[in-house]
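What follows is a single structure, written as structure tokens, with notes after it.
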Amino acid sequence: MGSSPPVPGRQAADRRVRGRRARGRSPWRGYVYVLPAFAVYFAFAVLPALHTAYLSLFEWDGVTLGDWVGLGNYAEILQDPVLRRSVFNALVLVVFFSFVPIVLGLLSTGLLARYRRPGMGAYRFLFMLPQVVPLVAVGVTWRWLYGDDGVVNQVFRAVGLDGVTRAWLGDFGAALIAVGLVGTWVLSGLCMMLFLSGVQKVDPSLYEAARIDGAGPIREFVSVTLPHLRGELAVAMTVTTVAALASFDIVYVTTNGGPGEQTTVPGLLVYRLAFSEGKVGLAAALAVVLGCLILGIVYLINRLSRSQT
Amino acid sequence: MRDSTHRVRRRVAAAVCAVALVLPLAACEALTPGSATAVPGPTSVPSSTAVPDGDVTLRLQFADAPLMVDALIAAFEEKHPGIEVEPQYKTFSDYVQNLKLTMTSDTAPDIAQYAVGMTDLAADGHVLDLAPYREAYGWDEAVPPVSLDQLTAGRTSEATGGRALFGVPAGLSMTGIYYNRELARRAGIDSPPRTLAEFEEQLAAAKEADLTPLGVGALDSGGLHLWAALLNQLMPTDEYWDWVNGRKGATMENPAAVEASELMVEWGRKGYYSESANGTAQVDSTARFAEGDSVFLINGNWAAGQLAAVMGDGVGFFPMPGERAGSPTVASGFSVSYAVSSLTEHPEAAGVFLDFLTSPEAGQIIGDNGFLPPNPDAVGKPAGVLADIARGHRRAVADDGITTFPDFAAPAMLDRLRSGVQKLIADRIGPAEYLDSLQDEWEDHHGK
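Protein chains in written order, with numbering that gives the first Met the number 0: chain V, 0 to 308; chain H, 0 to 447.
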């Protein structure tokens, strides 16, 4: 300890200088502010994802000691026809969960957007309703509607189409479409709501200008409404596609994947493999593949919507 | 003393878990999944059967027959005021799918209903071997040994050296065919069939009379009950048991299984099943049968209470008949049984509760709720369809013909069976392909 005791005034001045320097130059300072949020995100989103990826390299029943199998689980996914079929089913669901709701949403927006009417808020509220109902309740309700004596069959009978009636969810040809239509019902409202609120920020004078130039409703929609909805379209596509690919609750409640494997989706298999069949590693691998598929598609959607602007 | 070591071990397990989560990629042996699951406590119950002093609370998690469980608990608590049993009901699929997680967690219930997956849990020491109690309480006299032998998980007891025991049955179950007397008369059917061929004739007669012959709830497990019922008649029982127990070399790809599966397809082609079988859950198929929708219904004795209440004497029951009139009665069935977690702090109290299940008083409650009491002689004579079932069950027990359900062969078997049978019913798959998918799953779990 050869140094003399520090002079208090001098020390304080040093600190001030150091502080000023840090404010001016350190590139790390910003990260400190992000740290709390990042720590939470890392602990609850990134780590579990990494852990899932790590588990996918094992053959593990969830209880006893796991065996390292490397990429074996991934190889099994590629070979297993049921797993491949489930991915195909999920892609079919994209049509019903994403494509149809977006088309319906655009249609209704095209009809409602041309004139400002009082009570738009009420429409939006109505369209939003299916979003408010828990998906399990939606599934149970639709299971009744699709049942042997359900409303769907009653309607067909009432109009004399007795030959068409069947237990829709138990029919090999109709089950996947029936499940898909439930998704259409749920997500159409979301799309309409998104587009309707998007349209409100369009300057009304643009519509007036288009009308003065002699544009009909279709021309108006294509030239004015649609370009302004690009952002909303990207959001709607992302949300609905993810809902289709990661679908679980509706399928689990209505058909549990049946009949046969007609409505089996990857989300259902992940759950089944992990919790009832004791194949945690395989489930994790399928979850990783599903996650990558979803990320890839979302990336593509974002790329497309950006490159057009 | 044991409590505190428990707590320490649990804390250690939790700490290991936390480390495994925080450092997932720093590869070392402790991070192999499963290494953090410490086997907690002893693997077997103490042999003392003393009723514990002081107030004790037992948590009981179960999935079947909530009314029966409530009644049993009420009767038990009246007899043993110091022991409170807290029921936790879960729906069956929830229960089975979460069983492993539940029983390996720190908060495992003291007592849990025995279900698929218990074999693995028993092997890892998460449920207690009850063999010492089997002798101490004399369960062999109170319960038919065949029912206890379904609960050994194929293991030998470390405590007694005899067969292990991982559950005590409350109610027994069995599948078979219900028939609507009124509709059967209309189709010209006047008595239950004595052979499988005769049953087929009756199905044809019902079809002829423009009635729906057979109600099947194949959306969940009704279809596989039918398949198993046919298999029971055509496949030697020993071979079936070998397959379900995972004995080396057993196979489902055999001529008898092909025949049973072909029969399923053929009945579908002939229009014997209710039209929407694949879209109907078992409960719904029962309700529709009660409304007079079909002449016959495949289901288990668990539906009897409901059917007797609605149809009274208008409903009868018979086990699926064999190939010849003299064939032994073989039916699938299991028991609603309860296992004890190795984490429980009150194994003695759990033993007192399990022993109560074998008492005549409990037997009466079990019988009243449509289940077959383990000891039929201890209870009053049932009437109506319940009597039909009791008679059928007695015959099957006498013929050593109670087999477990085929989904006990492997954890993933239920899904293979359900979706496979749906395809058989819809004529979408050949028997060979179907059996191949079952055997694949079997080999996946048990090895070749």
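Even for Gly, the Cβ is constructed at its ideal location relative to N, Cα and C.
This structure is a prediction, so every number in the text was calculated from the model and none was measured.
Work out the CA separation of residue j and residue i for me, nearest whole Å.
i	j	result
A242(V)	V94(V)	11 Å
T408(H)	E440(H)	According to the sequence provided, residue 408(H) is Ala. The question's Thr does not apply to it. Spanning the two alpha carbons is a distance of roughly 9 Å.
A368(H)	P359(H)	Checking the sequence, you will find Asn at residue 368(H) rather than Ala. N368(H) and P359(H): Cα-Cα distance of roughly 14 Å.
F194(V)	V264(H)	51 Å
V351(H)	V50(H)	7 Å
N97(H)	S334(H)	20 Å
A233(V)	N300(H)	55 Å
E207(H)	A186(H)	8 Å
S340(H)	E432(H)	40 Å
R393(H)	V145(H)	12 Å
P65(H)	C291(V)	43 Å
V269(V)	D212(V)	56 Å
Y206(V)	V223(V)	7 Å
N301(V)	E231(V)	11 Å
G138(V)	V252(V)	6 Å
W266(H)	L437(H)	21 Å
Helix, strand or coil: how does DSSP classify residue i here?
i	result
E83(H)	strand
Y271(H)	coil
A330(H)	strand
I401(H)	strand
F91(H)	helix
Y433(H)	helix
I188(H)	coil
I300(V)	helix
V264(V)	coil
P100(V)	helix
R271(V)	helix
T212(H)	According to the sequence as given, residue 212(H) is Pro; it is not Thr. Strand at P212(H).
List, in order along the chain, the chain V residues whose C-beta lies closer than 9 Å to that of residue i?
i	result
T211(H)	Within chain V, no residue comes near T211(H); the closest Cβ sits about 12 Å away, beyond 9 Å.
A411(H)	R271, L272, S275, E276, G277, K278
D435(H)	Going along chain V, no residue has its Cβ under 9 Å from D435(H), so there is no contact; the nearest lies around 12 Å.
Cβ closer than 8 Å: which chain H residues qualify as neighbours of residue i?
i	result
F41(V)	None at all; the shortest Cβ gap to chain H is about 11 Å.
R165(V)	E274, S275, G278
V62(V)	G33, T36, K99, T103, D119, L120, D123, H125
L54(V)	P32
Using only CA atoms, which one of the options lies nearest to residue i?
i	options	result
R323(H)	F198(H), L147(H), Q112(H)	F198(H)
P45(H)	F75(H), I82(H), L129(H)	L129(H)
A282(V)	V135(V), L82(V), W67(V)	L82(V)
E290(H)	A169(H), G313(H), G278(H)	G313(H)
S326(H)	G222(H), A196(H), A348(H), P405(H)	A196(H)
L144(V)	V181(V), T108(V), V158(V)	V181(V)
L225(H)	I401(H), N298(H), R390(H)	N298(H)
D379(V)	Q87(H), A286(H), R193(H)	As shown, chain V starts at 0 and ends at 308. That puts residue 379(V) outside it, with no answer to give.
L296(H)	L262(H), R58(H), T174(H), P86(H)	T174(H)
A121(H)	A141(H), W138(H), F404(H), G153(H)	G153(H)
T279(H)	T155(H), R417(H), S436(H)	R417(H)
E344(H)	E77(H), I110(H), P80(H), D63(H)	I110(H)
D241(H)	T194(H), T402(H), G170(H), A163(H)	T402(H)
G442(H)	V420(H), A70(H), M412(H), G419(H)	Contrary to the premise, residue 442(H) reads as Glu rather than Gly in this sequence. It is M412(H) whose Cα lies nearest to the Cα of E442(H).
D54(H)	G81(H), E77(H), A163(H)	G81(H)
L225(V)	V201(V), D248(V), T254(V), V238(V)	V201(V)
A255(H)	R58(H), F317(H), L233(H), L434(H)	L233(H)
H227(V)	R210(V), S304(V), V154(V)	S304(V)
A249(H)	D237(H), A259(H), A163(H)	D237(H)
N244(H)	F316(H), V115(H), D354(H)	V115(H)
Cβ closer than 8 Å: which chain V residues qualify as neighbours of residue i?
i	result
R427(H)	F171, G259
K269(H)	The contacting residues do not exist; K269(H) stays about 19 Å from chain V at best.
D63(H)	Those within 8 Å of D63(H) in chain V number zero; the least Cβ separation is about 17 Å.
D399(H)	Ordered by position in chain V, no residue passes the 8 Å Cβ test against D399(H), which lies about 31 Å from the chain.
D406(H)	Neighbours of D406(H) on chain V: none; closest Cβ ~10 Å, over 8 Å.
Which chain V residues sit within Cβ distance under 7 Å of residue i?
i	result
Q421(H)	G257, P258, G259
Q96(H)	F274, S275
For a contact defined as C-beta to C-beta under 7 Å, what are the partners of residue i on chain H?
i	result
D248(V)	Under the 7 Å cutoff, chain H gives no residues; its nearest Cβ is about 14 Å from D248(V).
L168(V)	G278
L186(V)	Correct list: empty, because the minimum Cβ distance to chain H is about 24 Å.
L294(V)	The contacting residues do not exist; L294(V) stays about 20 Å from chain H at best.
Report task. Could you name each continuous alpha helix (DSSP H) segment of 4 residues or more that falls completely within the stretch 334 to 359 of chain H, going from the start of the chain to the end? Result -> 346 to 356
Requested in this report: Note down, one range per segment and in chain order, each alpha helix (DSSP H) of at least 4 residues found wholly within the stretch 117 to 183 of chain H.
Outcome: 117 to 122, 130 to 135, 138 to 141, 144 to 148
Report task. Please go through the stretch 46 to 70 of chain V and give each complete beta strand (DSSP E) segment of 3 or more residues, from N-terminal end onward. Result -> none
Requested in this report: Output the residue ranges of the alpha helix (DSSP H) runs that lie fully inside the stretch 227 to 274 of chain H and measure 4 residues or longer, sorted by chain position.
Outcome: 236 to 243, 254 to 268
Query raised in the report: Taking only runs of the alpha helix (DSSP H) that begin and end inside the stretch 142 to 192 of chain V, which ones reach a length of at least 4 residues, in chain order?
Result: 150 to 157
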